[in-house]
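Only one structure is covered here, and it is reproduced in the block below.
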Amino acid sequence: AQRVTQPEKLLSVFKGAPVELKCNYSYSGSPELFWYVQYSRQRLQLLLRHISRESIKGFTADLNKGETSFHLKKPFAQEEDSAMYYCALTEYGNKLVFGAGTILRVKS
Amino acid sequence: GAGVSQSPSNKVTEKGKDVELRCDPISGHTALYWYRQSLGQGLEFLIYFQGNSAPDKSGLPSDRFSAERTGGSVSTLTIQRTQQEDSAVYLCASSFSGGNTGELFFGEGSRLTVL
Chain A
1 AQRVTQPEKL LSVFKGAPVE LKCNYSYSGS PELFWYVQYS RQRLQLLLRH
51 ISRESIKGFT ADLNKGETSF HLKKPFAQEE DSAMYYCALT EYGNKLVFGA
101 GTILRVKS
Chain B
1001 GAGVSQSPSN KVTEKGKDVE LRCDPISGHT ALYWYRQSLG QGLEFLIYFQ
1051 GNSAPDKSGL PSDRFSAERT GGSVSTLTIQ RTQQEDSAVY LCASSFSGGN
1101 TGELFFGEGS RLTVL
């Protein structure tokens, strides 16, 4: 069974501080992992995916198969990063399963 | 339209009534998903349609919930005999080729309030 765990419901940091949103997963095959973001009053949207190995809006996420983790990181948080972040997992051709989400609040 | 469209955006109903929520996916997208978003529960998977395959209904919480997708396009989520715990935002999403690209395009959601 697929399962995605985001242990923090709320993460509050000051502007300019580093951010790490935690995501751990369990899987029975070779998953693909993603981070989705929902800004206030906007639709849920894809932020990044592990296969792309890209940096989006300064965020990166590295898949650690040994620790079954896919933590989202940014070295210097900005106020506009405040949003709800969801980690998600899919196996090829199957449904996308989301974690419970973490609210990130960046304080000035 | 340019994106996934859901209606109604808000629905207030009395306990015990039936409700229908509609989703119009992006044209050409073969996969369609329904999720439920509520405080403390995150995004709960409900049902997944992929092309002409049998839908994955494994997330439907009870037999009061059902969904259909007509002609491979528009989908309707039906909740019968609504209960207060059904109150949530119901999100629809579509994607071009199932789950393997992982990029789902979401609608704005239908907020259901059961009194």
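Heads up: the sequence lines are chains A and B, in that order. Residue numbering for the first sequence follows my numbering, starting at 1 and increasing by one per position. Residue numbering for the second sequence follows my numbering, starting at 1001 and increasing by one per position. Idealized CB from N, CA, C, for every residue including glycine.
Presumed contact (8 Å Cβ cut-off) between residue i and residue j, rounded CB distance
i: L21/A; j: R105/A; result: Contact doesn't hold; Cβ gap of about 12 Å is too wide.
i: A61/A; j: L44/A; result: Between L44/A and A61/A the Cβ distance is about 17 Å, and since that is not below 8 Å, they are no contact.
i: E1085/B; j: S1095/B; result: Going by Cβ atoms, the distance from E1085/B to S1095/B rounds to 29 Å, so no, they are not a contact pair.
i: L33/A; j: Y1033/B; result: The pair is not a contact, with the Cβ atoms about 17 Å apart (cut-off 8 Å).
i: L1043/B; j: G1059/B; result: The Cβ separation is near 10 Å, so there is no contact.
i: G1109/B; j: V1089/B; result: 4 Å
Contact set for residue i: own chain, Cβ-Cβ below 6 Å, skip 5 residues either direction
i: G1099/B; result: Note that G1099/B scores 49 on pLDDT, short of 50, meaning its location in the model is unreliable; the coordinates nonetheless yield the value given after this. Answer for G1099/B: no residue qualifies.
i: D1024/B; result: S1005 and V1074
i: N1010/B; result: R1111
i: V19/A; result: V13, K74 and A77
i: R1081/B; result: G1016 and R1064
Under 8 Å from the C-beta of residue i: neighbouring residues of chain A
i: F1106/B; result: R43, L44 and Q45
Given residue i as reference, the closest of the options once Cα atoms are compared
i: T90/A; options: H1029/B, V1019/B and Y1048/B; result: Y1048/B
i: G101/A; options: R41/A, I51/A, T68/A and W35/A; result: W35/A
i: G66/A; options: K74/A, E79/A and S30/A; result: S30/A
i: S1027/B; options: G1051/B, A1002/B, T1070/B and V1019/B; result: A1002/B
i: E8/A; options: G99/A, K107/A and Y27/A; result: G99/A
i: N1052/B; options: F1065/B, L1077/B, T1030/B and P1008/B; result: T1030/B
i: T1078/B; options: E1020/B, T1013/B and F1105/B; result: E1020/B
i: H50/A; options: R41/A, S26/A, L63/A and S40/A; result: L63/A
i: E79/A; options: I103/A, K107/A and R53/A; result: K107/A
Interface partners of residue i on chain B, CB under 7 Å
i: V97/A; result: F1045
i: Y85/A; result: Per Cβ cutoff of 7 Å: no residues; Y85/A is ~11 Å from chain B at best.
Rounded C-alpha distance that separates residue i from residue j
i: M84/A; j: G1072/B; result: 31 Å
i: K1017/B; j: A1067/B; result: 17 Å
i: S55/A; j: K73/A; result: 10 Å
i: D1056/B; j: Q1050/B; result: 9 Å
i: F1105/B; j: F59/A; result: 20 Å
i: S69/A; j: Y86/A; result: 14 Å
i: G1093/B; j: Q42/A; result: Here residue 1093/B is Ala; the residue named in the question, Gly, does not match the sequence. About 14 Å.
i: K57/A; j: C23/A; result: 19 Å
Beta-carbon proximity list for residue i, same chain, < 7 Å, skipping 5 on both sides
i: Q1083/B; result: K1015 and V1114
i: G16/A; result: F76 and A77
i: Q38/A; result: L44, A83 and M84
i: P1008/B; result: S1110
Any chain C beta carbon closer than 8 Å to residue i
i: Y1090/B; result: Given the protein chain composition of this structure (A and B), no chain C is represented.
Within chain A, partners of residue i - CB distance below 7 Å
i: D1159/B; result: Since the first residue of chain B shown is 1001 and the last is 1115, residue 1159/B is not available in this structure.
i: E1085/B; result: Those do not exist, as E1085/B stays about 17 Å from chain A at its closest Cβ, beyond 7 Å.
Residues near residue i in its chain [Cβ-Cβ closer than 8 Å; skip 5 each side]
i: S1161/B; result: In the structure as shown, chain B begins at 1001 and stops at 1115. Residue 1161/B is therefore absent and cannot be evaluated.
i: T1013/B; result: V1019, T1082, L1112, T1113, V1114 and L1115
Contact list for residue i against chain B, beta-carbon separation under 8 Å
i: A77/A; result: Under the 8 Å cutoff, chain B gives no residues; its nearest Cβ is about 22 Å from A77/A.
i: G101/A; result: G1042 and L1043
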